[in-house]
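Enquirer: Taking our numbering as reference, the numbering of the sequence shown is continuous, increasing by one, and the terminal residue is 274.
Backbone N, C-alpha and C fix where the C-beta goes; we use that ideal spot for every residue, glycine too.
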Amino acid sequence: MDISGKTAIVTGAASGIGLGIATALAEAGAKLVMADIQKDAVEEAAHGLSGTNKRVMPVRIDVTQEQSVLDALAEAERNFGKLHIACNNAGVPMHGTRMIDVPPRDWEFAMGVNIWGIIHGIRHFVPAILRHGEEGHVVNTASVAGFQNRRGTNQGPYSMSKYAALSLSEALEHELEGTNVGVSVPCPGPINTNIARGARNRPDHMGGPQIRANDEAVLAERLATTGLDPKTVGERVVDAIRTKNFYAFVGAVPAEIIKARHRRIEDALNSPWVTHY
Ligand SMILES: NC(=O)c1ccc[n+]([C@@H]2O[C@H](COP(=O)([O-])OP(=O)(O)OC[C@H]3O[C@@H](n4cnc5c(N)ncnc54)[C@H](O)[C@@H]3O)[C@@H](O)[C@H]2O)c1
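(1) Taking 6 Å as the cut-off, does the CB of Asp59 come closer than this to any heavy atom belonging to ligand 1?
(2) Considering only residues of the same chain and omitting the five flanking positions on each side of Gln35, which have a CB-CB separation below 7 Å?
(3) Once DSSP output is grouped into helix, strand and coil, what is the label at Tyr244?
(4) Taking 7 Å as the cut-off, decide whether the C-beta atoms of Val250 and Gly149 are in contact.
(5) For ligand 1, any of its heavy atoms closer than 6 Å to the Cβ of Asn137?
(6) Just grab the DSSP bridge partners of Thr8 for me.
(7) With 16 other CB atoms within 10 Å as the buried threshold, where does Val56 fall?
(8) May I ask which residues mark the beginning and end of the beta strand (DSSP E) holding Pro100?
(9) For the region 167 to 217, which segments carrying the beta strand (DSSP E) assignment without a break, of at least 3 residues, lie completely within its bounds, in sequence order?
(10) Measuring CA to CA, which of Asn177, Ala193, Asn76 is closest to His134?
(11) Considering only residues of the same chain and omitting the five flanking positions on each side of Asn191, which have a CB-CB separation below 7 Å?
(12) Please classify Gln145: is it buried, with 16 or more other beta-carbons within 10 angstroms of its beta-carbon, or exposed?
(13) Is Ala83 helix, strand or coil by DSSP?
(14) Does the region 155 to 168 come within contact of the region 94 to 114, defined as at least 3 CB pairs closer than 8 Å?
(15) Once you ignore the five residues that flank Arg52 on each side, which residues in its own chain have a CB closer than 6 Å to its CB?
(16) Let's see if you can read the secondary structure: which residues bound the beta strand (DSSP E) around Pro55?
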């Protein structure tokens, strides 16, 4: 797909991977709607990008709220016309705490942003792309955590949300077969972003901002020392859109762990209890 001149919306665009995707799309000539729950930060980020492409617009969005997604879409279409590319990227971490100790509100936060954010994008951005019939693309940011659970990190709720992102994307790809709208799932390894402090952006209706200093420090240290530059993820996404690549792995991938998990599933299928259809 040719990105130049197309309109793209990127959620979570004020920071990290979203900013990396926005930067790469702007450099590829897209008209860009940068959407984020942090109003000031996204305005600043959009200002920073307007040098690479004049057509950059910041908008506040809370992806956990359907009405907020509808409002951001309306604003995008009012300013830039037809939407062609939707990057459902906003996400938050949930790490360092065993699942038996994670309170319901924290589960809801992770699912609200990481899963409902994508569901709202599918329900509203995708019909907006299909409506005009021109070529389009949907990008749902998953993670290598969507293929395996990493021992010792206690990030079960996060991983679950990324398995969901992957499953939603696979199902969406099936539903869009026969249309000219493609789907990609960026699956980054560790990336040097602000995600460790993701609970800083917990919406008020989910309890408001939260600081989890110890857990944040452990993850921040790991990402700062091993994480890739988020701009590289942006370049990977642009390449995936151009080449219609579905699984867009990028960075350090625990390939052997993923393969071992798949082998375990295949072994389990070789059972006298299993019939095939
Ligand atoms: N950093 C990594 O190592 C890594 C690896 C794989 C996947 N990811 C995924 O990449 C995506 C982006 O994360 P990041 O690492 O860039 O983190 P980040 O914290 O740097 O950026 C996330 C952005 O999302 C925004 N956001 C949070 N809640 C929101 C909401 N309710 N509505 C709208 N915007 C909201 C934040 O304000 C922030 O600007 C997430 O889906 C994350 O799970 C990150």
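Expert: A quick look at the data gives this:
(1) yes
(2) Ala11, Asn198
(3) strand
(4) no
(5) no
(6) Ala32
(7) buried
(8) Unbroken run through Pro100: none, as it is neither H nor E.
(9) 178 to 185
(10) Asn177
(11) Ser12, Gly13
(12) buried
(13) strand
(14) yes
(15) Lys28
(16) 53 to 57
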